[in-house]
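All letters in the sequence shown, in the order written, are residues -33 to -1, 1 to 228 by mature numbering (1 follows the signal peptide of the UniProt record, and there is no 0). All residues carry an ideal CB built from backbone N, CA and C; glycine is no exception. A short write-up of the structure that comes next.
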Amino acid sequence: MQQIFPRYATAWQLLRSRLITAPLLMLILASCAKQTVAPGAASLTLINAVVGSSPLVTNFKGGNPFEYYHATQLIYKTFNNNSNRYAQFSGTQPVALYQYPDTTEKSVPLFNLVLDLPVGSVQTLFLTGTVSAPDTMLVKDDLPYHADSSMGMRFVNLSPGSSDISVSIKGQTGAPEVARLPYKGSTVFKKYAAGFEVHDYEFEFRDAVSGALLGSYITEGIYHQNTIYAHPWMYKNFTLALVGIPGGTGVNAPAVMLVRY
């Protein structure tokens, strides 16, 4: 018995420690989740669609000295939730954006802005235009709630110098999703079916007058039979934006980028 009892005692101690540790771990995780968005803050998404720009480095102090603690790099026509979305600011908020690596005290920001970020608001600041003629477009994000197997999609024209564009779904006849969308034009979020049995959409962006194809985007992953994993599109909202310039080549060519919300 003296040899058996310690073994059971060890097992009981291990079980007891797990029973105590598990709730503590859940509380820690819950508290971390609650801190993702600070109380009394606003949500701001920054998108770099400036043709010809290098990565844009953020400075939420607006000027010098440079605040490296909150600085992130915004890559051209790229969205990353960790670097493009902010939820720790509200009220009157300065923000300067510098072209990397020009972040010294003598560097001149490409953008030097003061934003109005009401508490609880959700907004996206699209940085567009060109390096020689930068431009901005601040949009309020009215994100719809999806109770069924659907998603929301918004369309934006961020192509400087472009004519009005249209947006349609490849293979579908009838009226397009968007008939005419000017430069710096934005639609509301439109609802689309996104169940496991729905086939992927291919959204085509065209010149509204000539019909020339400018770019397209396929929503890969809507249709799949593996229901174990979280669906990448269902119950979520997205923006598809046309970037680049008409007739551009390489990285400056017209293209469609996705922003997730």
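Counting only runs of 3 or more residues that sit fully inside the stretch 57 to 90, the beta strand (DSSP E) segments are 58 to 66, 78 to 84, in chain order. For Leu41, the closest of Pro101, Thr12, Phe205, Leu148 by C-alpha to C-alpha distance is Thr12.
Pairing Phe56 with Gln139, the inter-Cα distance amounts to about 43 Å. Spatial neighbours of Ser88 in its own chain (CB-CB distance under 6 Å, excluding positions within 5 residues in sequence) are listed in chain order as Ala9.
The residue among Gln90, Ala142, Ser74 with its C-alpha nearest the C-alpha of Gly58 is Gln90. Taken in chain order, the whole alpha helix (DSSP H) runs of length 4 or more contained in the stretch 89 to 126 number zero. Relative to Val134, the option among Thr206, Thr39, His113 whose CA is nearest is Thr206. An exposed status is given to Pro68, since fewer than 16 other beta-carbon atoms sit within 10 Å of its beta-carbon.
Residue state for Ser50 is assigned as helix, using DSSP reduced to three classes. If you draw a straight line from the Cα of Gly19 to the Cα of Leu80, it comes to about 20 Å. Distance from the Cα of Asn204 is smallest, within the candidate group Tyr159, Ala63, Gly29, Phe93, for Tyr159. Annotation for Ile42: no beta strand (DSSP E) segment contains it, and DSSP assigns it neither H nor E. The DSSP-derived three-state label of Val218 is helix. The beta carbons of Ser99 and Gly211 sit no closer together than 8 Å.
Nearest to Pro199 by C-alpha distance, out of Leu82, Ser116, Thr39, Gly178, is Ser116.
For Val210, the enclosing beta strand (DSSP E) begins and ends at 204 to 210. By the criterion of a C-beta distance shorter than 6 Å, Lys137 is surrounded in its chain by Glu169, Glu171, once the five residues flanking it on both sides are discounted. With a threshold of 16 other beta carbon atoms within 10 Å, Ser129 meets it and is buried.
Bridge pairing for Arg173: Ser133, Leu180 [DSSP]. A Cβ-Cβ distance of about 32 Å is found for the pair Lys73 and Met224, leaving them out of contact under the 8 Å criterion. Distance from Asp131 to Pro143 at the Cβ level is roughly 12 Å; contact not present, criterion being Cβ atoms closer than 8 Å. With fewer than 16 other Cβ atoms inside 10 Å of its own Cβ, Pro85 counts as exposed. Shown here, Lys158 sits in a strand according to DSSP, grouped into three states. One alpha carbon belongs to Arg173, the other to Ala146, and they sit about 10 Å apart. Membership of Thr25 in the beta strand (DSSP E) is indicated by the continuous run 23 to 26.
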